[in-house]
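*Asks:* First the structure, then my questions, so here it is.
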Amino acid sequence: MTQRCGTIGIAGRPNTGKSSLLNRLVGEKVSIVSDKPQTTRHLVTGILTRPDCQYVFVDAPGQQTSAKNTLHRRLNRRATEAARDADVALFVVEALRFTPQDRAALERIPKEQRVIAAVNKIDLVKSASTLIPYLDRLAKTRDFAAIVPVSAKTGKNVPALLDALRAALPEAEAMYPPDQLTDRDERFFAAELLREKIYEEMGQELPYRCEVVIDSFKEDGQLRRIEATILVERESQKPILLGAGGERLKRMASAARKDMEKLFGGKVYLGTWVKVRKAWTDDARVLRQLGYE
Ligand SMILES: Nc1nc2c(ncn2[C@@H]2O[C@H](COP(=O)(O)OP(=O)(O)OP(=O)(O)O)[C@@H](O)[C@H]2O)c(=O)[nH]1
Ligand SMILES: [Mg+2]
Numbered sequence: 017m018t019q020r021c022g023t024i025g026i027a028g029r030p031n032t033g034k035s036s037l038l039n040r041l042v043g044e045k046v047s048i049v050s051d052k053p054q055t056t057r058h059l060v061t062g063i064l065t066r067p068d069c070q071y072v073f074v075d076a077p078g079q080q081t082s083a084k085n086t087l088h089r090r091l092n093r094r095a096t097e098a099a100r101d102a103d104v105a106l107f108v109v110e111a112l113r114f115t116p117q118d119r120a121a122l123e124r125i126p127k128e129q130r131v132i133a134a135v136n137k138i139d140l141v142k143s144a145s146t147l148i149p150y151l152d153r154l155a156k157t158r159d160f161a162a163i164v165p166v167s168a169k170t171g172k173n174v175p176a177l178l179d180a181l182r183a184a185l186p187e188a189e190a191m192y193p194p195d196q197l198t199d200r201d202e203r204f205f206a207a208e209l210l211r212e213k214i215y216e217e218m219g220q221e222l223p224y225r226c227e228v229v230i231d232s233f234k235e236d237g238q239l240r241r242i243e244a245t246i247l248v249e250r251e252s253q254k255p256i257l258l259g260a261g262g263e264r265l266k267r268m269a270s271a272a273r274k275d276m277e278k279l280f281g282g283k284v285y286l287g288t289w290v291k292v293r294k295a296w297t298d299d300a301r302v303l304r305q306l307g308y309e
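Here it is in C-alpha cells:
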C-alpha cells in the first residue's frame with residue numbers, strides 16, 4: 017500500500033468531544049477533557065503511526081460564536097488556523113444536534129478545505145433510526161469528503177474514521193519517528209493536567225478565569241520537581257480556589273500529580289501557588305506573555 021502522511025485539524029464548537037476523540041484516535045491521553053465547554057486552549061498534536069499511514073492530528077479550541085474577551089478571540093483564531101492549515105479538517109459534531117454554533121464553526125473552515133465530519137457521541141443515540149435523517153441533513157450543509165458516526169467514549173467506528181481520513185491524506189513519507197506521540201513536552205502536560213483538575217473541581221465560571229503557569233520543572237534523578245502557579249483574575253477568587261484550609265487546592269494538586277506520575281512514568285513533587293493577575297483574560301500584554309499570540 018502507498019505510504020500516506022498528513023495533518024488533520026480538528027474543528028467544531030466547544031464540548032462536542034474533539035479532545036476525547038483525539039485521545040481515542042491516538043490511543044493515549046494527549047489532550048485534556050472536561051464536561052465544561054472551552055476546555056482546550058492550546059494546539060496539541062497527537063500522532064498515530066500505522067504501517068501505511070502517519071496521522072498527525074492537531075486538537076484545537078472549540079470555535080465560539082460569542083467571544084467575550086481577548087482570550088476568546090485568540091482561541092478562535094487558533095481554532096480557525098488549525099482547520100485551515102491542515103491537509104484535511106475533521107469537523108466534530110454531536111449526534112442529533114446541529115446548533116447555530118455548529119454551523120458557525122463549520123463556516124469558519126475555508127470553502128476549499130477538504131472536510132470529514134465525525135458525528136460523535138453515538139453511544140447516546142437510543143434508536144439508530146433517528147440517526148439516518150440527521151446524517152442526511154448534515155450531508156446537505158457541506159460537501160463533506162465523508163461523514164462517519166463515532167463514539168469517542170466507546171471507540172465505536174473509530175477504525176472507519178481512520179480509513180476515511182487516510183483516503184484524504186496526501187501520499188508522503190512519515191514526518192515523525194514512529195514512536196513519537198506528540199510534539200509537546202512534559203512541562204506542557206504538567207500545566208494542562210493541573211488545569212484539567214480545575215475544570216473538574218470548580219464550578220461553572222472559575223475555570224475560565226484560571227491559567228496555570230509552570231515556574232520550574234527539574235529532574236532530580238527519578239523525581240520530577242514541578243512548581244506551578246495558578247493565576248486568577250481577582251483577589252476574591254483566591255479563597256474559592258484554595259477552599260477551607262487549602263483543602264480544595266490540595267485535592268486538585270494531588271489528582272494532577274497522580275496523572276503526571278502515570279504519564280511521565282516516575283515520581284512527581286508538585287508545588288502549587290495561587291496568584292492574582294488582574295483581568296488577564298482581557299490583557300493583551302499578559303496574554304502574549306502566557307503564549308496566546
Ligand atoms: N457519551 C459520550 N460523551 C462524550 C463522548 N466524547 C466526549 N464526551 C464527553 O463530552 C464532554 C466534552 O468532551 P471534550 O473532549 O472535552 O470536548 P471538546 O470538543 O474537546 O471541548 P472544547 O475543548 O471545550 O472545545 C466531556 O464530558 C466528555 O466526556 C462520547 O463519544 N460519548
Ligand atoms: Mg477540547
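Throughout the sequence shown, residue numbering follows this note's numbering, covering 17 to 309 in sequence. Just so it is clear, CB atoms sit at the ideal spot from N, CA and C, and this is done for glycine as well. Keep in mind that this is a model prediction, so the values were computed, not measured.
(1) For Ala-206, count the other beta carbons within 10 Å of its own beta carbon; 16 or more makes it buried, fewer makes it exposed. Which is it?
(2) Within a Cβ cutoff of 8 Å, which residues of the same chain sit near Arg-119, ignoring the five residues on either side of it in sequence?
(3) Under the assumption that Leu-87 contacts Tyr-285 (Cβ atoms under 8 Å), give the Cβ distance between them as a whole number of angstroms.
(4) Examine ligand 1 and report whether any of its heavy atoms sits within less than 8 Å of the Cβ of Ile-138.
(5) Tell me, which residues are paired with Gly-62 by DSSP?
(6) Just reading off the beta strand (DSSP E) that Pro-165 is part of, what are its end residues?
(7) What are the start and end residues of the alpha helix (DSSP H) that includes Asn-312?
(8) If you draw a straight line from the C-alpha of Ala-196 to the C-alpha of Thr-23, how long is it?
(9) Val-49: beta carbon under 8 Å from a heavy atom of ligand 4?
(10) Report the partner residues of Asp-236 according to the DSSP bridge assignment.
(11) With a threshold of 16 other CB atoms inside 10 Å of the CB of Gly-312, please say whether the residue is buried or exposed.
(12) May I ask you to report which of helix, strand or coil DSSP gives Ala-180?
(13) Is Ala-311 close to ligand 1? I mean its beta-carbon at under 8 Å from any heavy atom of the ligand.
(14) Mind checking who Val-42 pairs with in its DSSP beta bridge?
(15) Is the beta carbon of Pro-223 within less than 8 Å of some heavy atom of ligand 2?
(16) So what does DSSP say about Gly-156, is it helix, strand or coil?
(17) Thinking just about the alpha-carbon of each residue, which of Gly-171, Ala-162, Leu-151 is nearest to the one in Asp-139?
(18) For Leu-181, which option in Phe-107, Asp-275, Ser-232 has the closest C-alpha, if you only look at C-alpha atoms?
(19) Helix, strand or coil for Thr-55 per DSSP?
(20) In angstroms, rounded to a whole number, what distance separates the CA positions of Thr-245 and Trp-289?
(21) Which residue marks the beginning of the alpha helix (DSSP H) containing Leu-257, and which one marks its end?
(22) Any heavy atom of ligand 1 inside 8 Å of the beta-carbon of Asn-31?
*Replies:* This is what the structure gives:
(1) By 1-based counting over the sequence shown, the position of residue 206 is 190. Result: buried.
(2) Numbered from 1 along the sequence shown, position 103 holds the residue referred to as residue 119. Once the five neighbours on either side are set aside, the close Cβ partners of Arg-119 are Thr-157.
(3) Position 71 of the sequence shown, counted from the start, is the residue given in the question as residue 87. Position 269 of the sequence shown, counted from the start, is the residue given in the question as residue 285. Their Cβ separation, rounded to whole angstroms, is 30 Å, which puts Leu-87 and Tyr-285 out of contact at 8 Å.
(4) As a working mapping, residue 138 is identified with position 122 in the sequence shown. Because some heavy atom of ligand 1 lies under 8 Å away, the Cβ of Ile-138 counts as near it: yes.
(5) In the sequence shown, residue 62 corresponds to position 46, counting from 1. Note: Gly-62 sits in a beta bridge opposite Phe-73, Thr-198.
(6) Stepping through the sequence shown from its first residue, residue 165 is reached at position 149. Where Pro-165 is concerned, the enclosing beta strand (DSSP E) stretches over 162 to 165.
(7) Nothing in the structure corresponds to residue 312, since the chain is present only between 17 and 309.
(8) As a first step, residue 196 must be located in the sequence shown, where it is residue number 180. As a first step, residue 23 must be located in the sequence shown, where it is residue number 7. Looking at the sequence itself, residue 196 is Gln, so the reference to Ala does not match. The alpha-carbon atoms of Gln-196 and Thr-23 are separated by roughly 15 Å.
(9) Summarising the ligand content, the structure contains ligand 1 and ligand 2 and does not contain ligand 4.
(10) Here the question's residue 236 lines up with position 220 in the sequence shown. Paired residues: Leu-239.
(11) In the structure as shown, the chain starts at 17 and stops at 309, and residue 312 therefore has no counterpart that could be examined.
(12) For the purposes of this step, residue 180 is identified with residue 164 of the sequence shown, where counting begins at 1. DSSP places Ala-180 in helix when its eight states are reduced to three.
(13) Because the chain spans 17 through 309 in this model, residue 311 falls outside it and cannot be assessed.
(14) In the sequence shown, residue 42 corresponds to position 26, counting from 1. Looking at the DSSP assignment, Val-42 forms no beta bridge with any residue, so it has no partner.
(15) Within the sequence shown, the letter at position 207 stands for residue 223. It does not: the Cβ of Pro-223 is nowhere closer than 8 Å to a heavy atom of ligand 2.
(16) Numbered from its first residue, the sequence shown carries residue 156 at position 140. Gly is not the amino acid found at residue 156; the sequence shown has Lys there. Note: Lys-156 maps to coil in three-state DSSP.
(17) On the sequence shown, position 123 is the one that residue 139 refers to. Ranking Gly-171, Ala-162, Leu-151 by Cα distance to Asp-139 puts Gly-171 first.
(18) Reading the sequence shown from its first residue, position 165 is the one you call residue 181. The shortest Cα separation from Leu-181 among Phe-107, Asp-275, Ser-232 belongs to Phe-107.
(19) Along the sequence shown, read from residue 1 onward, the residue named residue 55 stands at position 39. In the structure shown, Thr-55 sits in coil (DSSP, three-state: anything other than H, G, I, E or B).
(20) Here residue 245 corresponds to residue number 229 of the sequence shown, with the count starting at 1. Here residue 289 corresponds to residue number 273 of the sequence shown, with the count starting at 1. Between Thr-245 and Trp-289, the C-alpha separation is close to 5 Å.
(21) In the sequence shown, the residue the question calls residue 257 occupies position 241. Run containing Leu-257: 253 to 258, per the alpha helix (DSSP H) assignment.
(22) In the sequence shown, the residue the question calls residue 31 occupies position 15. The answer is yes for Asn-31.
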